[in-house]
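Report on the following structure.
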C-alpha cells in the first residue's frame with residue numbers, strides 16, 4: 001500500500017489538476033439544479049469525487065482498482081467527507097442503486113474493448129439513472145487517436161520521480177497503445193519502477209449515438225473540448241450529455 005500512496009502522489013502531479021476543474025465546471029453547467037446524487041464511473045483516486053462533494057452533491061464512486069479506491073477514500077477523509085466508493089466493473093452496474101446523474105470522464109470509456117462492452121455499459125447506466133436523469137461522459141475523438149497520439153512521446157523528470165509516456169497506433173481502427181513507466185522514490189530514498197500498458201479505442205460520433213439510443217436515452221448533445229460548442233474536425237475530446 002505504501003507504493004500506491006507514492007504512486008497516487010505522482011499520479012496527481014502528472015495529471016493536470018486544471019483538468020479536474022474543467023470537468024467539474026462542465027458537470028455543473030449541464031446538471032439540472034435539482035440534481036442531488038451523482039455516480040462517478042472510473043473515479044480513480046477521487047480527485048473529481050471530492051470536488052463534486054464540495055459542491056454539495058451526494059457522491060458515489062466506482063472504479064475497478066481497489067487500491068485506487070483506498071486512496072480515494074483517504075483523499076475524501078482528508079477533505080472532511082465520507083464518500084461511498086465501490087470496487088466494480090462499469091460493464092456490470094445492475095443493482096447498484098438509483099442516481100440523478102452519472103459521469104464518466106478522462107476517456108475511461110475508451111478502455112472498453114469493443115462496441116458490445118460499450119453497449120453493456122450504456123445499458124447499465126440507463127438502469128441506475130432515475131427517470132429524467134443525466135449521463136455525461138467524454139471520449140477521445142477519432143482525430144486525436146488517429147492523428148495526434150501515434151508516436152507521441154512525453155518524458156518528465158522531477159526530483160522524486162520520473163515519468164515516461166510513449167504512444168503507438170493500435171491494431172484495430174481508431175485505437176492507440178500507451179506505454180507508461182513510472183520511477184517513484186519512496187520514503188527510504190529508493191526508486192521503484194512501475195510499468196503500465198494502456199490500450200484505448202474510440203468510435204465515430206454516430207456509433208456512440210446509436211448505442212445510446214439502443215440503451216434508451218431519449219436525447220444526447222455532443223460538444224467538444226470542455227466547451228458547449230459542436231465538435232470540429234480537429235477536436236481532441238468529445239463530450240456527450242444524455243437524458244433518460
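In UniProt numbering, the protein residues as written are 1 to 244. The beta-carbon is built from N, C-alpha and C at its ideal position, and this holds for glycine as well.
Based on DSSP bridge pairs, tell me the residues matched to residue 243.
134 and 219
Could you check where the beta strand (DSSP E) with residue 62 kicks off and where it finishes?
58-63
Cβ-based burial, residue 48 [other Cβ within 10 Å; buried from 16]
buried
Kindly identify the DSSP beta-bridge partner or partners of residue 10.
For residue 10, which the question treats as bridged, DSSP gives no partner whatsoever.
Between residue 93 and the rest of its own chain, which residues show a CB-CB distance below 7 Å, the 5 nearest in sequence each way excluded?
124, 125, 127 and 128
Do you know how far the Cα of residue 69 is from the Cα of residue 155?
27 Å
Counting only runs that start and end within the region 15-72, where is the alpha helix (DSSP H) found for 4 or more residues in a row?
17-30 and 47-54
If I follow the unbroken alpha helix (DSSP H) through residue 199, where does it start and stop?
Not the alpha helix (DSSP H): residue 199 falls in the beta strand (DSSP E), residues 191-201.
Status (buried if at least 16 other CB within 10 Å, exposed otherwise) for residue 135
buried
Could you check the C-alpha separation between residue 137 and residue 158 for me, to the nearest Å?
32 Å
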